[in-house]
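First the structure, in the form of structure tokens, and then the observations on it.
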Amino acid sequence: MISRRLEEDFGKRNMPAVDTRRYPRAENLVWSEQEDREERDRRIVRQALVDPTVTRSTIRTDVGVAIVPQTVSRHLAEANLKSKYPFRALPLTPEHRQLRLQWCQARSMWNVTDWQKVVFSDESRFVLGTDDNRVRV
1 MISRRLEEDF GKRNMPAVDT RRYPRAENLV WSEQEDREER DRRIVRQALV DPTVTRSTIR
61 TDVGVAIVPQ TVSRHLAEAN LKSKYPFRAL PLTPEHRQLR LQWCQARSMW NVTDWQKVVF
121 SDESRFVLGT DDNRVRV
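Okay, so the sequence shown: first residue is 1 according to UniProt numbering, each after it adds one.
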């Protein structure tokens with residue numbers, strides 16, 4: 001055990017110096033566990049900043065290290081990145097609101113027979129249970 005550790009240490013000291021700034025290959029880097037952890041943490045935050053729609057499970061698999069989903073969430077929270085639901089539809093602009101108001105005013109005097117000729121399609125989402133199966137990003 002001790003002889004193997006001495007061989008490893010001796011081998012590292014006699015390795016030719018490699019400029020890791022120009023050649024950042026993993027096999028050339030001798031990092032401590034803390035530096036690995038810091039690099040992983042930066043990679044998690046960087047990936048969330050580059051692609052805001054990426055899920056935490058995708059980040060977890062792309063990091064390449066076995067971590068729990070709460071670790072990803074914690075690092076994103078430390079970087080003030082919060083999860084949110086993606087837009088289902090674009091938000092209304094003032095122009096859209098004006099057009100909707102005009103549509104309503106044009107039909108404000110309709111009677112029952114006029115409204116019976118209209119077919120309504122409702123795209124509302126009704127959730128009877130606790131899980132609405134939405135994906136948070």
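Positions of the beta carbon are idealized from the N, C-alpha and C atoms, including for glycine.
By the Cβ test, the segment 63 to 82 is in contact with the segment 43 to 55, since at least three Cβ pairs between them sit closer than 8 Å. According to the DSSP assignment, Trp103 belongs to the alpha helix (DSSP H) that extends over 94 to 106. Ser57 has its alpha-carbon roughly 12 Å from the corresponding atom of Val65.
Restricting attention to Leu90, Val54, Pro86, the CA atom closest to the CA of Ser73 is found in Val54. Cβ-Cβ distances below 6 Å link Leu76 to Ala48 in the same chain, with the five nearest sequence neighbours on each side left out; the list follows chain order. Following the DSSP letters along the chain, one finds Trp115 inside the alpha helix (DSSP H) bounded by residues 112 to 116.
In this structure, Val63 sits near Ile44, with a CB-CB distance shorter than 8 Å.
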